[in-house]
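Taking the numbering used here, I'd label the letters of the sequence shown as residues 8 to 334.
Glycine residues also receive a C-beta, built at the ideal position from the N, C-alpha and C atoms.
Computed from a predicted model, the values in this text were never measured in an experiment.
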Amino acid sequence: MQNYAKQVLDAEISALKSLKTKINGDFQKAFSEILKCQGRLVVTGMGKAGIIGEKISATFASTGTPSLFLHPADAYHGDLGRVAKNDVILMLSNSGETEEIVRLLPKLKEIGIKIISITASRKSTLGKYSDIVLEIGKIKEPCPFGIVPSASTTAMLALGDCLALSVFKKHSFTREQFAFYHPGGDLGQKLLKIKEVMRIGSANPIITENKTVREALMVITKCRAGAVNIVDKKRRLVGIFTDGDLRRHMREDIRILSEPIKNYMTRNPLHISPDSLVAEGLRILRDKKIDELPVVDKNHRPVGMLDVQDILDIASDINPYRKGAKK
Numbered sequence: 008m009q010n011y012a013k014q015v016l017d018a019e020i021s022a023l024k025s026l027k028t029k030i031n032g033d034f035q036k037a038f039s040e041i042l043k044c045q046g047r048l049v050v051t052g053m054g055k056a057g058i059i060g061e062k063i064s065a066t067f068a069s070t071g072t073p074s075l076f077l078h079p080a081d082a083y084h085g086d087l088g089r090v091a092k093n094d095v096i097l098m099l100s101n102s103g104e105t106e107e108i109v110r111l112l113p114k115l116k117e118i119g120i121k122i123i124s125i126t127a128s129r130k131s132t133l134g135k136y137s138d139i140v141l142e143i144g145k146i147k148e149p150c151p152f153g154i155v156p157s158a159s160t161t162a163m164l165a166l167g168d169c170l171a172l173s174v175f176k177k178h179s180f181t182r183e184q185f186a187f188y189h190p191g192g193d194l195g196q197k198l199l200k201i202k203e204v205m206r207i208g209s210a211n212p213i214i215t216e217n218k219t220v221r222e223a224l225m226v227i228t229k230c231r232a233g234a235v236n237i238v239d240k241k242r243r244l245v246g247i248f249t250d251g252d253l254r255r256h257m258r259e260d261i262r263i264l265s266e267p268i269k270n271y272m273t274r275n276p277l278h279i280s281p282d283s284l285v286a287e288g289l290r291i292l293r294d295k296k297i298d299e300l301p302v303v304d305k306n307h308r309p310v311g312m313l314d315v316q317d318i319l320d321i322a323s324d325i326n327p328y329r330k331g332a333k334k
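Right, here's the structure in full:
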């Protein structure tokens with residue numbers, strides 16, 4: 008069986024290698040049509056091709072191209088209403104004769120939607136009625152009967168990836184936007200550095216250690232922050248003072264407002280580099296049960312403030328603090 012398994016892999020590798028000759032003018036046309044699409048990329052396919060289509064649609068959607076998967080049987084029973092003229096449809100069928108796919112063609116033509124197909128031959132029914140055909144050629148399936156979709160679906164998936172990643176590369180798609188489509192955590196967070204989400208400029212609260220608690224409170228309020236970075240005469244971080252610290256000390260003596268902030272600040276606070284990963288900052292905030300974390304440069308000067316709320320907002324490309332703006 009090990010030898011047979013290797014034969015299966017060889018067949019799929021051969022199918023992938025053959026695709027290189029298929030990256031031609033038709034591929035460029037399909038790429039351009041999807042890139043300029045004003046609506047959504049609708050992907051459809053039946054059976055195993057449909058499963059591949061779902062993955063292709065998901066890849067497009069997660070990389071900035073609005074996309075949905077439409078089951079061809081459901082489309083024939085009302086879900087065709089999801090398709091609009093300004094959409095582009097990508098239809099997958101190795102034979103190009105799949106009944107559920109072929110019977111949609113007249114209605115799609117009536118809608119006026121651009122049809123791109125991935126199929127074995129442009130001479131098939133699907134190929135003939137498509138605006139753009141991405142031919143994968145006749146691919147021999149490695150199963151004993153030569154009929155189980157395997158090498159052909161591998162080729163379809165790879166060609167779909169080529170399209171999706173080519174469009175992704177062309178889009179001005181930021182890492183923050185990518186994170187937006189992966190709010191579940193690791194995938195988006197691993198791509199982001201602290202400097203991309205920290206509060207900077209007028210949103211980064213800083214005060215010198217000789218100022219009073221009242222002045223520190225004014226800075227915190229002005230920046231709409233939860234803490235203030237305390238620096239010495241050389242602008243190096245020496246402490247942090249939070250609104251929680253204020254509440255605790257106020258219970259003891261209300262006269263602290265006129266006292267120097269250095270008497271009440273937390274000295275040598277935890278801090279992080281702007282080039283560290285957001286995931287690392289999140290770990291510190293979570294483990295230490297704190298809400299703010301100073302961000303310092305190589306000279307130990309605070310260049311930003313990481314707030315726990317910003318971690319919740321990293322999926323948003325409109326962080327109001329990113330450029331020093333106020334709420």
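message: Rounding to the nearest angstrom, what Cα-Cα distance links Lys36 and Ile139 in this structure?
response: Taking the sequence shown and counting its residues from 1, the one referred to as residue 36 is at position 29. Taking the sequence shown and counting its residues from 1, the one referred to as residue 139 is at position 132. Taking C-alpha positions only, Lys36 is separated from Ile139 by approximately 7 Å.
message: So, under 8 Å CB-CB, Phe76 and Val50 are touching, yes? Tell me the CB distance rounded to an integer number of Å.
response: One-based indexing of the sequence shown puts residue 76 at position 69. One-based indexing of the sequence shown puts residue 50 at position 43. Confirmed, about 5 Å.
- request: Less than 8 Å between the CB atoms is what I'm expecting for Ile122 and Ser137, so what's the real figure, rounded?
  value: In the sequence shown, counting from the first residue as 1, residue 122 sits at position 115. In the sequence shown, counting from the first residue as 1, residue 137 sits at position 130. Their Cβ separation, rounded to whole angstroms, is 5 Å, which keeps Ile122 and Ser137 in contact under 8 Å.
Same chain only: Cβ atoms within 6 Å of Asp298, ignoring 5 sequence neighbours per side: Position 291 of the sequence shown, counted from the first residue, corresponds to residue 298. When the five nearest sequence neighbours on each side are left out, the beta carbons in the same chain lying within less than 6 Å of the beta carbon of Asp298 are those of Gly233 and Val315, in order along the chain.
field: Start and end residues, alpha helix (DSSP H) containing Gly32
entry: As a first step, residue 32 is located in the sequence shown; it is residue number 25 there, counting from the start. Residues Gly32 to Leu42.
- request: Using only alpha-carbon positions, find the residue among Ala68, Ile214 and Val285 that is nearest to Ala171.
  value: The residue given as residue 171 occupies position 164 in the sequence shown. Of the candidates Ala68, Ile214 and Val285, the one whose C-alpha sits nearest the C-alpha of Ala171 is Ala68.
- prompt: Nearest-angstrom Cα distance between Lys176 and Lys130?
  reply: Here the question's residue 176 lines up with position 169 in the sequence shown. Here the question's residue 130 lines up with position 123 in the sequence shown. Using only the alpha carbons, I get a separation of about 32 Å.
task: Can you give me the Cβ contacts of Ala162 inside the same chain, cut-off strictly under 7 Å, excluding the 5 residues immediately before and after it?
output: Residue numbering aside, residue 162 sits at position 155 when the sequence shown is read from its first letter. Residues Ala22, Leu23, Leu26, Ile143 and Ile146 of the same chain have their beta carbon placed closer than 7 Å to that of Ala162, with the five preceding and five following residues left out of the count.
field: Beta bridge counterpart(s) of Pro73 as assigned by DSSP
entry: Within the sequence shown, numbered from 1, the residue matching residue 73 stands at position 66. BP columns for Pro73 are empty, so no partner.
- request: Give the straight-line distance between the Cα atoms of Tyr83 and Glu106, rounded to the nearest whole angstrom.
  value: As a working mapping, residue 83 is identified with position 76 in the sequence shown. As a working mapping, residue 106 is identified with position 99 in the sequence shown. In this structure, the CA atom of Tyr83 is about 11 Å from the CA atom of Glu106.
message: If distances are taken between C-alpha atoms only, which option among Gly57, Phe34, Leu300 and Met205 comes closest to Ile237?
response: As a first step, residue 237 must be located in the sequence shown, where it is residue number 230. Of Gly57, Phe34, Leu300 and Met205, the residue nearest in Cα terms is Leu300.
message: Tell me which residue opens and which closes the beta strand (DSSP E) that Lys121 is part of.
response: Numbered from 1 along the sequence shown, position 114 holds the residue referred to as residue 121. Lys121 -> beta strand (DSSP E) spans Lys121 to Thr126.
task: Give me the Cβ distance between Val285 and Val204, rounded to the nearest whole Å; I'm assuming they're in contact under 8 Å.
output: Stepping through the sequence shown from its first residue, residue 285 is reached at position 278. Stepping through the sequence shown from its first residue, residue 204 is reached at position 197. Rounded, the Cβ-Cβ distance is 6 Å, consistent with contact.
- request: Starting from the C-beta of Asn275, find all residues in its chain whose C-beta is less than 8 Å away, skip the five residues before and the five after it, and write them out in chain order.
  value: As a first step, residue 275 is located in the sequence shown; it is residue number 268 there, counting from the start. Excluding residues up to 5 positions away in sequence, Val245 and Gly246 lie with their Cβ nearer than 8 Å to the Cβ of Asn275 in the same chain.
query: So is Leu289 in contact with chain C if we call contact Cβ pairs under 8 Å?
result: Going by chain labels, chain C is absent from the structure shown, which holds only one protein chain.
query: Taking DSSP as the reference, what is the three-state secondary structure of Lys135?
result: Numbered from its first residue, the sequence shown carries residue 135 at position 128. Reduced to three states, the DSSP call for Lys135 is helix.
query: Where does Pro212 sit, in a helix, a strand or coil, going by DSSP?
result: Position 205 of the sequence shown, counted from the first residue, corresponds to residue 212. Coil at Pro212, not helix or strand.
query: Based on Cα-Cα distance, which residue from Pro281, Glu61, Asp33 and Val174 lies nearest to Leu199?
result: Working through the sequence shown from its first residue, we reach residue 199 at position 192. Taking only the C-alpha atoms, the option nearest Leu199 is Pro281.
message: Less than 8 Å between the C-beta atoms of Thr126 and Ser100, yes or no?
response: Mapped onto the sequence shown, residue 126 falls at position 119. Mapped onto the sequence shown, residue 100 falls at position 93. Ser100 is positioned such that its CB atom lies closer than 8 Å to that of Thr126.
- prompt: So what does DSSP say about Phe152, is it helix, strand or coil?
  reply: Position 145 of the sequence shown holds residue 152. Coil, per DSSP.
- prompt: Between the C-alpha atoms of Ile154 and Gln14, what's the straight-line distance to the nearest angstrom?
  reply: If you number the sequence shown from 1, residue 154 lands on position 147. If you number the sequence shown from 1, residue 14 lands on position 7. Straight-line Cα distance between these residues: approximately 15 Å.
task: Look at the alpha carbon of Ile118 and the alpha carbon of Phe38, and state the distance between them as a whole number of angstroms.
output: Within the sequence shown, residue 118 is the residue found at index 111, counting from 1. Within the sequence shown, residue 38 is the residue found at index 31, counting from 1. Computed Cα separation, rounded: 21 Å.
message: For His256, which residues in the same chain have their Cβ closer than 7 Å to its Cβ, ignoring the five residues on either side in sequence?
response: Locating residue 256 in the sequence shown gives position 249, counting from the first residue. Excluding positions up to five away in sequence, the list reads Ile263 and Tyr271.
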